[in-house]
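Residue 4 is where the sequence shown starts when you use our numbering, and the numbers rise one by one after that.
Ideal Cβ positions, reconstructed from N, Cα and C, are used throughout, including at glycine.
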Amino acid sequence: MTGKENSTAIERATIRKVARRLIPFLFVLYIIAFLDRVNLGYAALEMNAALGLSSEIFGLAAGIFFIGYFVFEVPSNVLLHSIGARVWIARILISWGLISMLTAWAQNATHLYIIRFLLGVAEAGFFPGIILYITYWFRAREQARAVSLFMVALPVANIIGAPISTWVIDHVHWMNMPGWRWMFVLEGLPAIIFGLITLVYLTDRPAVAKWLTSEEKAWLIAELEKEEGCKPKPVSKWDVFKDSAVWQFSLIYFTLAMGLYGLGFWMPTIIKAFSKLLSNTQVGLIAMIPYICGGLAMVYWARRSDRLAERRLHTALPLITGSLGLVGVGLSDNPYLSIVMMTIATIGIYSLFGPFWSFANLFFSGGTAAVGIAVINSIGNLGGFLGPYALGYMTKLTGSTKAGLYFLSAAMLVGFLLVLLLRPNRRFVSNAVASTNLVD
4 MTGKENSTAI ERATIRKVAR RLIPFLFVLY IIAFLDRVNL GYAALEMNAA LGLSSEIFGL
64 AAGIFFIGYF VFEVPSNVLL HSIGARVWIA RILISWGLIS MLTAWAQNAT HLYIIRFLLG
124 VAEAGFFPGI ILYITYWFRA REQARAVSLF MVALPVANII GAPISTWVID HVHWMNMPGW
184 RWMFVLEGLP AIIFGLITLV YLTDRPAVAK WLTSEEKAWL IAELEKEEGC KPKPVSKWDV
244 FKDSAVWQFS LIYFTLAMGL YGLGFWMPTI IKAFSKLLSN TQVGLIAMIP YICGGLAMVY
304 WARRSDRLAE RRLHTALPLI TGSLGLVGVG LSDNPYLSIV MMTIATIGIY SLFGPFWSFA
364 NLFFSGGTAA VGIAVINSIG NLGGFLGPYA LGYMTKLTGS TKAGLYFLSA AMLVGFLLVL
424 LLRPNRRFVS NAVASTNLVD
């Protein structure tokens, strides 16, 4: 075997081993995280009436999570970079699992506001921490697929969570406690269990990976260091806040989060309005359709982005697709057409994630990535506050979700235009040649 063939063999073996070791585990963690974040939408089918919540109050309760998330996001990611992913991600999982379970004992809107805010505080840093963690293990050319394979947990969380959550609401009434309360208890418990598993399973960096051979470790470390040298010159971590690209990416992600959480929290309610004959379990089964299509599209679009080594258009086109889908949902009074348009909107929203985070990573280097990614995610996720609240407020004002859906659509259109204005570091992009080695 020649030196080049040996190098190629080590490359393929290392990338495959890293992907198989890390991605499935991170995937499971994000399913747990996202389900604990959005299961409020399924609880609303019974909880709103039980606690006397109006559409506006529910929208605020859904969105207030992101205020706590915003406040603690950057400090959490800096601590993860300093302390190490293993310990910090485990801490995040255990704390949010406990707080999520507390939601079962909320007695009024005030209790719900406080618990949702604390849940945001507990979970702050998880998602950007995972995105940062992926950059420790994968080169730019594999990152879009690595991110998308991890983030396909978003639609999967709803594919699994929709029928399970609604089934629990309909059928689990142990100790005379309503099903929607049991849903929070049963779905918060996995976060605690997997937090403890994380302490044993996760590895902080390639240099300490006992499951890689010395040759594999040396190759991976050398590749990541070589790539780091092609990125923009490192600046002070806090100088990241002066970078216009950070604010552009933050605004883009803000518009995406508005659509993601606005539609996500309200989808069960919109579907329930199709017919009074639909049970909660049937609502959950129907809600699976957009997420199945969104998950498949997410993986395909990220693989295409990596294969073509193109990020900007692969980030822009999903936003316009999501925008058109949301308009379609608002315009349609036919249940079947509404599901089709929800599916188109979901395909657009979920297809963006892989290319978006790989695109953003082209603008950062070294320790600045920890701050840059956290800033984008924390500011962007404030859209998760505005989207559900705006939809709830406009629903209360007009008696229909249509105006709110048009508002979300307009926001995503703005995001599309902002992406077109971004220009990455050309020298680095030229080195990010597409690879098919991540998974076989």
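In terms of Cβ geometry, L54 and N111 form a close pair [threshold 8 Å]. Cβ neighbours of F68 within its own chain (closer than 6 Å, five residues either side excluded): R119, L122, G123. Counting of Cβ neighbours within 10 angstroms places V330 among the buried residues, the total reaching 16 or more.
A distance below 6 Å between beta-carbons, with the five flanking residues on each side excluded, links G357 to the following residues of its chain, in chain order: A147, V150, S151, A305. Distance from the CA atom of A125 to the CA atom of S10, rounded to whole angstroms, is 43 Å.
Between the region 201-219 and the region 54-63 there are fewer than three inter-stretch CB-CB distances shorter than 8 Å, so the stretches are not counted as touching. For the pair I13 and E226, the Cα-to-Cα distance works out to about 12 Å.
One alpha carbon belongs to R24, the other to F129, and they sit about 19 Å apart. Residues of the same chain with a CB within less than 6 Å of the CB of P166, apart from the 5 flanking positions on each side, are G287, L288 in chain order. By the Cβ rule, the region 376-396 counts as touching the region 254-262, because three or more pairs are nearer than 8 Å.
As for any alpha helix (DSSP H) of minimum length 4 sitting wholly inside the region 127-191, the runs are 129-140, 143-154, 156-174, ordered along the chain. Apart from the 5 residues on each side of it in sequence, M50 sits with its Cβ closer than 6 Å to the Cβ of W183 in its chain, given in chain order. The three-state secondary structure of K220, taken from DSSP, is helix.
With a cutoff of 8 Å on beta-carbon distance, L63 and Y392 are scored as near each other. Secondary structure note for E76: its alpha helix (DSSP H) is the uninterrupted segment 68-86. Close CB contacts of W269 within its chain, under the 6 Å cut and outside five residues either way in sequence, are with L394 (chain order). G298 is positioned such that its CB atom lies no closer than 8 Å to that of M415. Just measuring C-alpha positions, the residue of G71, F28, H114, P131 sitting nearest G375 is P131. For V417, the CB contacts under 6 Å within the same chain, skipping 5 residues up- and downstream, are T258 in chain order. For Q110, the three-state secondary structure derived from DSSP is coil. Pairing A194 with S103 gives a Cβ-Cβ distance under 8 Å.
The region 169-188 makes no contact with the region 68-78, as fewer than three CB pairs between them are under 8 Å.
About 38 Å separates the beta carbon of G232 from that of I97, a gap too long to meet the 8 Å contact definition.
With 16 or more other Cβ atoms inside 10 Å of its own Cβ, F187 counts as buried.
The beta carbons of L254 and R314 sit about 17 Å from each other, so the pair does not count as a contact at 8 Å.
For Y409, same chain residues with a beta-carbon under 6 Å away, outside a window of 5 residues either side, are G333 in chain order. With 16 or more other Cβ atoms from the protein chains shown falling within 10 Å of its own Cβ, L322 counts as buried.
No residue range can be given for N384, since it is assigned to no alpha helix (DSSP H) and is classified by DSSP as neither H nor E.
DSSP, reduced to helix, strand and coil, places S282 outside both helices and strands of the structure shown, so it counts as coil. Closest in alpha carbon position to V74, among I352, I382, P158, is I382.
When DSSP states are grouped into helix, strand and coil, W214 belongs to the coil group.
Taking I162 as the centre and dropping the five residues before and after it, the same chain places the C-beta of M291, Y294, I295, G298 closer than 8 Å to its C-beta, in chain order. Straight through space, the alpha carbons of W214 and F362 are spaced by roughly 30 Å. Distance check between W360 and each of S335, M301, A348 places M301 closest, using alpha-carbon atoms only.
Note that the C-beta distance between A319 and F252 is not below 8 Å.
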